[in-house]
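Q:
Numbering (the UniProt record's numbering), first residue to last: 1 to 449.
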């Protein structure tokens, strides 16, 4: 199938996916969708391969998301299971949806990010104890330090995008109805609650990293020595606790119960995810192992993005359908981000990653590339079970992963999630902030660090 056919069919699949997210189609509707896809390809002179109907039928049925308002509680009803475990390999790179402006999300939010870092460092984390002050602000010395600031960037841009959607909901969208991208951040500042939420989101993330590095005995983080190597494990743990305490005080002062509940759930999920990581993806069957791993990814990474984005909707008192858009965008962006991280652990360099490459595997963690490879090379299974502690396990596992399609399938799954994130945003009216977020979702899977 040529590249044009792939793009057309991929676009049609994404459109169908949006419909399936909103309703459970019956069999007649599914057959109609299949026929529409075949007609679409034929109308532009593309041949439809034999067996395509069955392939697309499987794709539609398997990609149907069960969007559950419960936040992955103990019912076992995982809203990502069908998408993650039974996806057709895409074999194509995502493209920006038609009509979306190419707007740099970093450039459009850079001034707000600088203010955010300064506010965290100088106001939120201010304390009379010099050692605790230095440890707590270790990753907040400047906007250029301490990572990419993706999470607060999501909150800030989404706040604008939802506001712009409401502002243009009952009037035609023209070139003069929105500020040009260059002037987007020159209008009045975001409401204080949104900026505070962005700060809380980044503090939650940073605190989790301080704790993770102690648990994993990591030496490096964000191209800097891990905090515990400079201050000791006890101070590092206490610094993380201090960050969480300050963030919780800020949340309480915001006065929105739903936001407090959502962000408190993030803390619960971070702990659950860490426990799942320590125990490893032990389960019966390779799909069960992958399911456990993906749920762990949601708890450790995607939950913070999903629920902070959802909280933007709460604070803005937006309709439920917009809150759902925000949640779906954050969830899928978070899942894509972590999957790419797992692939980069094999492909990236220590300088680009900000931590040693192969760090997860060497610490005994079986991530997506290994789990996908194990479906093809079952000799990996006992290595996974013993957390690669056997003589030569790490070297052998690396060799097998690079001989398999594990890394490629990990990237393909990340692309699928990134597209779901972009699809959610397409339900909003066009604006510079919305398009910057779509560009950010695209960059998540294109990044090399």
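A virtual CB, placed ideally from N, CA and C, is assigned to each residue, including glycine.
Would you tell me roughly how many angstroms separate the C-alpha atoms of residue 315 and residue 113, rounded to the nearest one?
A: Within the chain shown, residue 315 is the residue found at index 315, counting from 1. Within the chain shown, residue 113 is the residue found at index 113, counting from 1. Each residue's alpha carbon lies about 20 angstroms from the other.
Q: For residue 196, which of 215, 219, 159 has the nearest alpha-carbon?
A: For the purposes of this step, residue 196 is taken as residue 196 along the chain shown, with counting starting at 1. The residue with the shortest Cα to Cα distance from residue 196 is 159.
Q: What's the gap between the Cα of residue 210 and the Cα of residue 364?
A: By one-based count along the chain shown, residue 210 stands at place 210. By one-based count along the chain shown, residue 364 stands at place 364. Their backbone Cα atoms lie some 19 angstroms apart in a straight line.
Q: If you follow the alpha helix (DSSP H) that residue 369 is part of, which residue opens it and which one closes it?
A: Taking the chain shown and counting its residues from 1, one reaches residue 369 at position 369. Start and end: 368-376.
Q: Check the C-beta distance from residue 131 over to residue 235 and give it rounded, since I have them as a contact under 8 angstroms.
A: The sequence position of residue 131 within the chain shown is 131, counting from 1. The sequence position of residue 235 within the chain shown is 235, counting from 1. So it is a contact: roughly 7 angstroms between Cβ atoms.
Q: Pairing CB atoms from the region 397-411 with CB atoms from the region 299-309, are three or more of them under 8 angstroms?
A: Taking a contact to require three or more Cβ pairs closer than 8 angstroms, the region 397-411 and the region 299-309 do not qualify as touching.
Q: Go through its chain and collect everything with a Cβ distance to residue 438's Cβ below 6 angstroms, but skip five positions before and after it.
A: Locating residue 438 in the chain shown gives position 438, where the first residue counts as 1. The residues are 100, 422, 425.
Q: Can you tell me whether DSSP reads residue 225 as helix, strand or coil?
A: Along the chain shown, one-based indexing puts residue 225 at 225. If DSSP states are grouped into helix, strand and coil, residue 225 belongs with the strands.
Q: Which runs of the alpha helix (DSSP H) at least 4 residues long sit entirely within the region 264-327? Give them in chain order.
A: 286-297, 303-315
Q: May I have the straight-line CA-CA distance separating residue 274 from residue 300, to the nearest angstrom?
A: For the purposes of this step, residue 274 is taken as residue 274 along the chain shown, with counting starting at 1. For the purposes of this step, residue 300 is taken as residue 300 along the chain shown, with counting starting at 1. So the alpha carbons of these two residues sit roughly 7 angstroms apart.
Q: Note the first and the last residue of the continuous alpha helix (DSSP H) segment covering residue 387.
A: Position 387 of the chain shown holds residue 387. Residue 387 -> no alpha helix (DSSP H), and no H or E assigned at all.
Q: What do you reckon, are the CB atoms on residue 222 and residue 139 nearer than 8 angstroms?
A: Counted from its first residue, the chain shown places residue 222 at position 222. Counted from its first residue, the chain shown places residue 139 at position 139. Yes. Within cutoff.
Q: Express the C-alpha separation of residue 264 and residue 319 in angstroms, rounding to a whole number.
A: The sequence position of residue 319 within the chain shown is 319, counting from 1. The sequence position of residue 264 within the chain shown is 264, counting from 1. Looking at the two C-alpha atoms, the distance is approximately 22 angstroms.
Q: So what does DSSP say about residue 175, is it helix, strand or coil?
A: Walking along the chain shown from the start, residue 175 turns up at place 175. With a pLDDT of 45 at residue 175, under the threshold of 50, the modelled position of that residue is not reliable, and no figure is offered here.
Q: Assign residue 141 to one of three DSSP states: helix, strand, or coil.
A: Translated into positions along the chain shown, residue 141 becomes position 141. In the structure shown, residue 141 sits in coil (DSSP, three-state: anything other than H, G, I, E or B).
Q: Can you tell me whether residue 257 is buried or exposed? The criterion is at least 16 other CB atoms within 10 Å of its CB, across all chains shown.
A: Mapped onto the chain shown, residue 257 falls at position 257. Exposed, by the Cβ-count rule.
Q: Just to confirm before moving on: does the CB-CB distance between residue 213 and residue 198 stay below 8 angstroms?
A: Counting from one through the chain shown, the residue named residue 213 turns up at place 213. Counting from one through the chain shown, the residue named residue 198 turns up at place 198. Cβ distance not < 8 angstroms, so residue 213 and residue 198 don't count as in contact.
Q: With a threshold of 16 other CB atoms inside 10 Å of the CB of residue 151, please say whether the residue is buried or exposed.
A: Looking up residue 151 in the chain shown gives position 151. Residue 151 comes out buried.
Q: Compare the C-alpha of residue 324 against each of 308, 107, 141 and name the closest.
A: Residue 324 sits at position 324 when you count from the first residue of the chain shown. Closest by alpha carbon: 308.
Q: Thinking C-beta only, is residue 366 closer than 8 angstroms to residue 345?
A: Locating residue 345 in the chain shown gives position 345, counting from the first residue. Locating residue 366 in the chain shown gives position 366, counting from the first residue. For residue 345 and residue 366, no; Cβs fall outside 8 angstroms.
Q: Output the distance between the C-alpha atoms of residue 328 and residue 322, rounded to the nearest integer angstrom.
A: Along the chain shown, one-based indexing puts residue 328 at 328. Along the chain shown, one-based indexing puts residue 322 at 322. Taking the straight line joining both Cα atoms gives about 10 angstroms.
Q: Would you mind sorting residue 432 into buried or exposed? The rule is 16 or more other CB atoms within 10 Å of its CB.
A: If you number the chain shown from 1, residue 432 lands on position 432. The residue in question, residue 432, is buried, as its Cβ has 16 or more Cβ neighbours within 10 Å.
Q: Using a 10 Å radius around the Cβ and a threshold of 16 neighbouring Cβ atoms, would you call residue 175 buried or exposed?
A: As a first step, residue 175 must be located in the chain shown, where it is residue number 175. Any reading at residue 175 is ruled out, since the residue's pLDDT is 45, under 50, leaving its predicted position unreliable.
Q: If you follow the alpha helix (DSSP H) that residue 104 is part of, which residue opens it and which one closes it?
A: On the chain shown, residue 104 is found 104 positions in, with the first residue counted as 1. Looking at the DSSP string, residue 104 is not in any alpha helix (DSSP H), and its letter there is neither H nor E.
Q: Please report the distance separating the alpha-carbon of residue 194 from that of residue 116.
A: To locate residue 194, count along the chain shown from 1; it is residue 194. To locate residue 116, count along the chain shown from 1; it is residue 116. In a straight line, the C-alpha of residue 194 is about 11 angstroms away from that of residue 116.
Q: Which residues in the same chain have their Cβ closer than 6 angstroms to the Cβ of residue 166, if we skip the five residues on either side of it in sequence?
A: Sequence index remark: in the chain shown, residue 166 carries index 166 (1-based). Cβ neighbours of residue 166 beyond the five flanking positions: none.
Q: Please name the residue in 310, 312, 317, 341 whose C-alpha comes closest to that of residue 297.
A: Taking the first residue of the chain shown as position 1, residue 297 is located at position 297. Closest by alpha carbon: 341.
Q: Would you kindly work out how many angstroms separate the C-alpha atoms of residue 123 and residue 246, rounded to a whole number?
A: Locating residue 123 in the chain shown gives position 123, where the first residue counts as 1. Locating residue 246 in the chain shown gives position 246, where the first residue counts as 1. Looking at the two C-alpha atoms, the distance is approximately 10 angstroms.
Q: Going by the beta-carbon positions, is the gap between residue 413 and residue 368 smaller than 8 angstroms?
A: Here residue 413 refers to the residue found at position 413 of the chain shown. Here residue 368 refers to the residue found at position 368 of the chain shown. Result yes, Cβ atoms of residue 413 and residue 368 sit closer than 8 angstroms.
Q: Residue 262 and residue 135 look like a contact to me (Cβ under 8 angstroms); what is the Cβ gap, rounded to whole Å?
A: The residue given as residue 262 occupies position 262 in the chain shown. The residue given as residue 135 occupies position 135 in the chain shown. Residue 262 to residue 135, Cβ: 28 angstroms. No contact.
Q: How would you call residue 217, buried or exposed, if buried means at least 16 neighbouring beta carbons within 10 angstroms?
A: Counted from its first residue, the chain shown places residue 217 at position 217. Exposed, because fewer than 16 other Cβ atoms sit within 10 Å of the Cβ of residue 217.
Q: Quick one: what does DSSP say residue 160 is sitting in, helix, strand or coil?
A: Locating residue 160 in the chain shown gives position 160, where the first residue counts as 1. Here DSSP, grouped into helix, strand and coil, assigns residue 160 to helix.
Q: Just to confirm my understanding: we take residue 203, look at its own chain, exclude 5 residues before and 5 after, and list those with CB closer than 6 angstroms. What are they?
A: Locating residue 203 in the chain shown gives position 203, counting from the first residue. Only 243, 247 meet the Cβ criterion.
Q: Please name the residue, chosen from 415, 420, 292, that lies closest to residue 447 on a Cα-to-Cα basis.
A: As a working note, residue 447 is residue 447 in the chain shown. For the residues 415, 420, 292, the minimum Cα distance to residue 447 belongs to 415.
Q: Express the C-alpha separation of residue 436 and residue 430 in angstroms, rounding to a whole number.
A: As a position in the chain shown, residue 430 is number 430, starting the count at 1. As a position in the chain shown, residue 436 is number 436, starting the count at 1. Between the alpha carbons of residue 430 and residue 436 lies a distance of about 10 angstroms.
Q: Use the C-beta contact count for residue 249: other C-beta atoms within 10 angstroms, 16 or more gives buried, fewer gives exposed.
A: In the chain shown, counting from the first residue as 1, residue 249 sits at position 249. Exposed, because fewer than 16 other Cβ atoms sit within 10 Å of the Cβ of residue 249.
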